[in-house]
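Reminder that position 171 of the sequence shown reads as 174 in this note's numbering, one-by-one numbering, no gaps.
For every residue, glycine included, the Cβ atom is placed at its ideal position computed from N, Cα and C.
It should be emphasised that the depicted structure is a prediction, and the values quoted were computed from it without experimental measurement.
One structure is given below, encoded as structure tokens.
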Amino acid sequence: MVAHHGEVSSNSHAASRDDNRQTSHDSLTTVFAPHEDDADKDVAVARQERTDVHKHAAAGESGPREGRVHEVADTLGRRITGGVYSPGEALPTEPELASALGVGRNAVREAVKMLAGKGLLRTSRRAGTIVQPLSQWSILDNSVIAWLLENPGDRERLLDELAEMRAIIEPEAAALAAKRAKMSQVLRLWEALEAMETRPEVSEAALDADIEFHRVIFEAADSRLLLGMFHAIELLLRVNFATGMLAGSAFAENLAHHRRLAEAVQRRDADAARRLIQELAARNREDVKRARLMDSEAADH
4 MVAHHGEVSS
14 NSHAASRDDN
24 RQTSHDSLTT
34 VFAPHEDDAD
44 KDVAVARQER
54 TDVHKHAAAG
64 ESGPREGRVH
74 EVADTLGRRI
84 TGGVYSPGEA
94 LPTEPELASA
104 LGVGRNAVRE
114 AVKMLAGKGL
124 LRTSRRAGTI
134 VQPLSQWSIL
144 DNSVIAWLLE
154 NPGDRERLLD
164 ELAEMRAIIE
174 PEAAALAAKR
184 AKMSQVLRLW
194 EALEAMETRP
204 EVSEAALDAD
214 IEFHRVIFEA
224 ADSRLLLGMF
234 HAIELLLRVN
244 FATGMLAGSA
254 FAENLAHHRR
264 LAEAVQRRDA
274 DAARRLIQEL
284 AARNREDVKR
294 ARLMDSEAAD
304 H
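In structure tokens form, the structure reads like this:
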């Protein structure tokens with residue numbers, strides 16, 4: 004991802020970027036060939052339930068039913084991924100959960116169905132609602148990833164695993180993009196790059212432009228399965244945003260790298276596109292390692 008650690012403010016440098024951008028846009032039509040534990044647990048549950056009751060009471064039973072269902076699913080999902088309910092353990096009964104959360108039984112029933120769909124729960128007439136082992140969870144589901152990232156014990160490992168997945172998947176997505184990109188998608192790459200170049204400061208706008216750049220790569224790969232995995236990479240980029248800022252990586256260097264990647268896709272150079280994404284992912288991993296070291300050293304002092 005793109006990260007900033009100093010000013011990039013030279014007028015001549017900005018002018019050079021503008022010239023390069025114009026040259027790249029002008030050459031599109033000629034270079035590019037288009038294609039279209041128990042006590043502790045009881046305390047934890049009680050504490051969580053007090054919080055949840057207030058939250059659901061504030062929402063009120065008169066609110067949208069779908070909203071209540073999602074709130075209950077979110078509450079139970081956080082408890083499961085946070086270890087309040089362990090794999091193999093039965094959840095409280097439907098009436099107990101409804102009373103504790105201040106919602107109707109239908110909301111609990113629908114929320115349980117949602118979590119079963121994500122692999123976190125299974126239901127049985129005899130055993131009740133049982134927490135599934137992690138191996139059964141839909142680990143790439145947006146909500147599951149978000150819940151796991153809230154747990155200190157899971158966060159670092161999950162970020163490392165997401166980075167590994169990115170290093171495996173995105174280079175091939177970039178290679179496919181170089182082969183299959185439509186002209187409109189190449190133009191979107193340049194537009195995203197231009198948005199990054201005009202926002203050299205660390206900002207949500209710069210991050211959004213960076214994410215758009217990588218999203219276009221996945222869209223241009225023209226693979227529904229690959230595109231379905233992009234949300235996990237987007238989460239990685241967003242969570243690593245603050246971490247990357249602290250790592251000391253040069254924003255201008257990353258911009259140049261993104262420019263070379265856009266050029267590789269434009270000229271249909273799959274090998275170059277693959278290599279450039281590999282280099283970007285490796286740089287990002289080093290940024291995160293340095294940031295963690297800095298955080299650890301700061302905590303020791």
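Around the C-beta of ASN109, fewer than 16 other C-beta atoms lie within 10 Å, and the residue is accordingly described as exposed.
Taking the C-beta atoms as reference points, LEU165 is found nearer than 8 Å to ALA235. The beta-carbon separation of LEU143 and MET232, rounded to 7 Å, stays under the 8 Å limit for a contact. About 43 Å separates the beta carbon of ALA284 from that of ALA130, a gap too long to meet the 8 Å contact definition.
In the DSSP annotation of this structure, the continuous segment of the alpha helix (DSSP H) that includes ARG82 starts and ends at 68-84.
Considering only LEU124, ASN145 and THR132, the residue with the shortest C-alpha distance to SER138 is LEU124.
The alpha carbon of ALA267 has as its nearest neighbour, out of GLU207, GLY85, ASP211 and TRP193, the alpha carbon of TRP193. Boundaries of the beta strand (DSSP E) harbouring ILE133: 131-134, taken from the DSSP string. Closest option to ALA76, judged by alpha-carbon separation, among LYS116, LEU279, PRO95 and GLY91: LYS116. ALA208 counts as exposed, since fewer than 16 other C-beta atoms from the protein chains shown sit within 10 angstroms of its C-beta. Distance from the CA of ILE83 to the CA of ALA275, rounded to the nearest whole angstrom, comes to 43 Å. Annotation: the continuous alpha helix (DSSP H) that includes LEU210 extends over 207-223. For the set PRO90, GLU113, GLY91 and GLU92, the Cα lying nearest the Cα of ALA101 is the one of GLU113. The C-alpha of VAL189 lies about 6 Å from the C-alpha of GLN269.
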